[in-house]
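Student:
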Amino acid sequence: MSVSNQFIKYVKFDDEKRILVSVQPKYQAYLQEQKIRQSLKKAVVDVIKDEFVKLEIGKNICRITVKKGTEEQNLARVKKELVNGLEMAMKFMGKMGK
Numbered sequence: 007m008s009v010s011n012q013f014i015k016y017v018k019f020d021d022e023k024r025i026l027v028s029v030q031p032k033y034q035a036y037l038q039e040q041k042i043r044q045s046l047k048k049a050v051v052d053v054i055k056d057e058f059v060k061l062e063i064g065k066n067i068c069r070i071t072v073k074k075g076t077e078e079q080n081l082a083r084v085k086k087e088l089v090n091g092l093e094m095a096m097k098f099m100g101k102m103g104k
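Under my numbering, the first residue of the sequence shown carries the number 7, and numbering increases by one thereafter.
1. Suppose you measure from the CA of L87 to the CA of V53; what does that come to, to the nearest Å?
2. Since L92 and C68 are thought to touch, with beta carbons under 8 Å apart, how far apart are those beta carbons, to the nearest angstrom?
3. Quick one: measure Cβ to Cβ for V27 and V84, integer angstroms, because I've assumed they're closer than 8 Å.
4. Which class does E93 belong to by DSSP, given the choice of helix, strand or coil?
5. Measuring straight from C-alpha to C-alpha, what distance separates E62 and N80?
6. Are the beta-carbon atoms belonging to Q30 and F13 less than 7 Å from one another?
7. Could you check how far apart the C-beta atoms of K15 and Q34 are, in whole angstroms? I think they sit under 8 Å.
8. Which residues in the same chain as K23 place their Cβ atom closer than 7 Å to its Cβ, once the five residues preceding and following it in sequence are excluded?
9. Taking the beta carbon of V72 as the centre, do at least 16 other beta carbons fall within 10 Å, making it buried, or is it exposed?
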């Protein structure tokens, strides 16, 4: 199982071309914490920049709306940043355990 699959169920488009990021069930509670929600929004805006429109956070899913015509490139950006961020977090956690 890859690092991202440990935390993320999937990253894909919905019918409206919004980017969906679904977390594994054991991490759902984190999406309900206000500080986590604020951090997620900041991270999404930092990655997508001017193409960001809206972030909606549900029970186990984040819906990211971006400007029309930029969906594909932003899906790739989100996937790349998720992998990079999770790999860094795992390295950090590994160092903390030593």
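The beta-carbon is built from N, C-alpha and C at its ideal position, and this holds for glycine as well.
Tutor: With the given structure in hand:
1. Reading the sequence shown from its first residue, position 81 is the one you call residue 87. Reading the sequence shown from its first residue, position 47 is the one you call residue 53. Reading off the sequence, residue 87 comes out as Glu, not Leu. Rounded to the nearest angstrom, the two C-alpha atoms are 8 Å apart.
2. In the sequence shown, counting from the first residue as 1, residue 92 sits at position 86. In the sequence shown, counting from the first residue as 1, residue 68 sits at position 62. Incorrect: roughly 14 Å between the Cβ atoms, too far for contact.
3. The residue given as residue 27 occupies position 21 in the sequence shown. The residue given as residue 84 occupies position 78 in the sequence shown. That belief holds up - the Cβ atoms of V27 and V84 are roughly 7 Å apart, short of 8 Å.
4. As a working note, residue 93 is residue 87 in the sequence shown. DSSP places E93 in helix when its eight states are reduced to three.
5. Translated into positions along the sequence shown, residue 62 becomes position 56. Translated into positions along the sequence shown, residue 80 becomes position 74. Answer to the nearest angstrom: the Cα atoms are 16 Å apart.
6. Position 24 of the sequence shown holds residue 30. Position 7 of the sequence shown holds residue 13. Contact flag set, yes.
7. Your numbering for residue 15 matches position 9 in the sequence shown. Your numbering for residue 34 matches position 28 in the sequence shown. Going by Cβ atoms, the distance from K15 to Q34 rounds to 10 Å, so no, they are not a contact pair.
8. Taking the sequence shown and counting its residues from 1, the one referred to as residue 23 is at position 17. Within the same chain, K23 has close Cβ partners E77.
9. If you number the sequence shown from 1, residue 72 lands on position 66. Buried is the call here.
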